[in-house]
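Numbering follows this note's numbering, with no gaps: position 12 of the sequence shown is 1082.
Cβ atoms here follow ideal geometry from the backbone N, Cα and C, with glycine treated the same way.
Below is one structure; the comments refer to it alone.
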Amino acid sequence: MAIPREPRQKMINMMYLVLTALLALNVSSEILNAFKTVNNSLEKTNEVVTASTNEIMSSLKDKLNEAGTAEKAKIWYPKAEQVQQYTKGLYDYLADLKIRIMTAAKYDPASKSERGVDNLDATTRIMVEHGEGKTLYKKLEDYRKQILGTDTAIAENFSKTLPIDLSMPKTKNKSNRTWEAAYFHMVPTVAALTILSKFQNDVKTSENKVVTFCHEQVGKVKIQQNAYAAIAIANSTNLLPNQELEITAGVGGFSTAVSPTIIIGGQNIPLDQDGAAHMKVRADGIGAHSIPVLIKFTDQNGKEVSIAKTIEYSVGQSNAAVQLDKLNVLFIGVDNPVTVSGSGSRTQLKVSISGGGGVLIPTNSGYLARVNQETDNCIISVTTPDGKVTPVKFRVRSIPDPTPMVGQNKSGDMQAAVFKSQAGVRAIVENFFYETQFNVTSFRITADGAGFEDIVEANNSGAAWNEARSIIAKCRPGTFITIEDIYAVGPDGRRRKLTPLIYNLK
């Protein structure tokens, strides 16, 4: 049965819970915004890759009417069309999954409301519990086999490079033992959409690579892009001091003839192998910040184009909190649950303990603190990613002395039959928040009155009626019992002398 807490302790615990919830909201908001940024980028990339594939297919179709390429085009154009059909089926299935998850979570990306964006149940229910994750895995597996089975030359060239990765993702949660659980168990809505967009990107990229290969078997691809898009994105819009902001800028297109000039924060940044410019800066100064990005390129009509964009981000103040889950005191001899929260993910927070001989043991939900010395100055410190240390001081105390009793009686009048039916002396810590066990190691029992001509005593070892059994057998109404020199040992290993017991048997 739960023991009622005092109003003051209830209020303190509630304040800790509210603070922890607020901190968790701040952290999750940053993570969710990062997922939104990545998902938007993936969806734009998918549009660009689709446009590129359509251009390649159009060029390959033209080869059917050219005298020098018609014969080969008749072989490879149908294969490319087959690849497109495989891709469309899987891509549309992924799009339908996204709609189902958004509907179940009641999340609308077009709405300014954040409702459903962090829903953890919808994705788990659809992808894990209802089996759509297993179906997705099978469809991805079949898609890979279909693409490679289109032609032996395609299989030889793409068996090791086709970007359809079905390997088991690494996860710290050992309960996520299946592919679908590792990807989708307890994943917020926006993260699930990002994962599905990633698979859509894998499928579209595979299609583009294979269609390009089919065209190359006929002749060189000649493509004129019909549109370019200047792209500038940041890896996050909410940062802590000293965290790193990465800006990626480039032109959405696949023609190597386009060589854009990228200027970020006044610096000319060269392009990497992926055709985009990357710049990393250290977040500094609390508040809102912005970095100008200028992208210059030549469009499909030979016109010089300059597009200016602004990357906006904010640097927040780091914070952290430490809460003891049961009491605001650490007790010797028990595992004290500790909840730690702060700015940054759990893996980014460094938690330590000093004083009281304390050690911290990580658990799935937080930490367990074990201490062995009483003190008023036990410090649990949390270091956030920006290096800020938040120390929280706790007292360390021994577990209160237990109360000795025979049965449920702590002393006083007791029915003789009830007294004799008990197994011995036990010790219980009453109204305590932790499950504790004290073992009675010895006691001295004295009896006089009814059933005894003289005072009789015995030194008993252990909690049960051992050496005292003969005395207990003679007890009857009118017997007067004294049990003293009661010793017990608890979880902290310390031997304690407990208060005496006096019974008047009725």
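**Message:** Which of the three DSSP states is assigned to N1189 in this structure?
**Reply:** coil
**Proximity to P1123 [Cα-Cα], best of P1148, N1574, Q1154** = First, the residue type needs correcting, since residue 1123 is Thr and not Pro in the sequence shown. Closest option to T1123, Cα to Cα, is Q1154.
**Prompt:** According to DSSP, what are the bridge partners of Y1573?
**Reply:** G1482, I1551
**Message:** Checking 8 Å against the spacing of the C-beta atoms, do V1466 and I1423 come in under that value?
**Reply:** no
**Asked** Going by other Cβ atoms of all chains shown within 10 Å of its Cβ, with 16 needed for buried, is A1223 buried or exposed?
**Response** exposed
**Prompt:** Excluding the five sequence neighbours on either side, which residues of its own chain have a C-beta within less than 7 Å of the C-beta of L1089, listed in chain order?
**Reply:** Low per-residue confidence applies at L1089: pLDDT is 41, beneath 50, and the placement is therefore not dependable, though the value from the model is reported in the following sentence. Around L1089: A1391.
**Request:** Express the C-alpha separation of I1525 and N1574 in angstroms, rounding to a whole number.
**Result:** 15 Å
**Item:** Euclidean distance between Cα positions of R1496 and N1434
**Value:** 35 Å
**Request:** Express the C-alpha separation of A1534 and L1571 in angstroms, rounding to a whole number.
**Result:** 15 Å
**Prompt:** Taking the continuous alpha helix (DSSP H) assigned at R1539, which residues delimit it?
**Reply:** 1539 to 1544
**Prompt:** Enumerated in chain order, which unbroken segments of the beta strand (DSSP E) with a length of 3 residues or greater are wholly contained in the segment 1395 to 1470?
**Reply:** 1399 to 1401, 1406 to 1412, 1420 to 1424, 1429 to 1432, 1437 to 1440, 1445 to 1453, 1459 to 1467
**Prompt:** Terminal residues of the continuous alpha helix (DSSP H) containing G1159?
**Reply:** 1140 to 1175
**Message:** If I measure Cβ to Cβ from Y1147 and keep anything under 7 Å in the same chain, skipping five residues before and after, which residues do I get?
**Reply:** L1130, K1131, L1134
**Asked** T1139 and G1289: beta carbons closer than 8 Å?
**Response** yes
**Request:** Give me the Cα-Cα distance between G1425 and N1447, rounded to the nearest whole angstrom.
**Result:** 6 Å
**Asked** Three or more C-beta pairs closer than 8 Å, one from the segment 1177 to 1191 and one from the segment 1207 to 1222: is that the case here?
**Response** no
**Item:** Inter-residue Cα distance where the pair is T1380 and G1335
**Value:** 10 Å
**Request:** Determine the direct distance from the alpha carbon of V1462 to that of D1562, and round the result to whole angstroms.
**Result:** 24 Å
**Asked** Considering only residues of the same chain and omitting the five flanking positions on each side of L1364, which have a CB-CB separation below 7 Å?
**Response** I1333, S1376, A1378
**Where V1351 sits in the DSSP three-state scheme** = strand
**Message:** Just to confirm the assignment, what range does the beta strand (DSSP E) spanning I1196 have?
**Reply:** It is not in any beta strand (DSSP E) - I1196 carries neither H nor E in the DSSP assignment.
**Request:** Grab me the residues of N1227's own chain with a C-beta within less than 7 Å of its C-beta, minus the 5 sequence neighbours each way, in chain order.
**Result:** F1283
**Request:** Just grab the DSSP bridge partners of E1527 for me.
**Result:** T1516
**Prompt:** Is it right to say V1119 is buried, meaning 16 or more other beta carbons lie within 10 angstroms of its own, or is it exposed?
**Reply:** buried
**Message:** Going by DSSP in three states, T1107 sits in which element: helix, strand or coil?
**Reply:** helix
**Prompt:** Taking just the CA atoms, how far does G1548 sit from G1482?
**Reply:** 13 Å
**Prompt:** Are the Cβ atoms of P1470 and L1568 separated by less than 8 Å?
**Reply:** no
**Prompt:** Applying the criterion that 16 or more other CB atoms from any shown protein chain within 10 Å of the CB defines a buried residue, is N1406 buried or exposed?
**Reply:** buried
**Request:** Could you work out which residue in N1530, L1190, A1543 is closest to G1521 when comparing CA atoms only?
**Result:** A1543
**Request:** Mark S1277 as exposed unless 16 or more other C-beta atoms lie within 10 angstroms of its C-beta, in which case mark it buried.
**Result:** Looking at the sequence provided, one finds Glu at residue 1277 rather than Ser. When all chains shown are included, E1277 counts as buried.
**Message:** For the alpha helix (DSSP H) containing Q1216, name the first residue and the last one.
**Reply:** 1202 to 1218
**Message:** If you reduce the DSSP assignment to three classes, tell me which class N1135 lands in.
**Reply:** helix
**Request:** Buried or exposed for A1297, please, with buried defined as at least 16 other CB atoms from any protein chain shown within 10 angstroms of its CB.
**Result:** Note on A1297: pLDDT 49, under 50, position unreliable in the model; the coordinate value appears next. When all chains shown are included, A1297 counts as exposed.
**Within 8 Å, strictly: CB atoms of V1281 and A1150** = yes
**Request:** Label R1565 either buried or exposed according to how many other C-beta atoms from any shown protein chain fall within 10 Å of its C-beta, with 16 as the threshold for buried.
**Result:** exposed
**Prompt:** Going along the chain, which residues of its own chain have a beta-carbon closer than 6 Å to the beta-carbon of L1341, five neighbours each way excluded?
**Reply:** A1347
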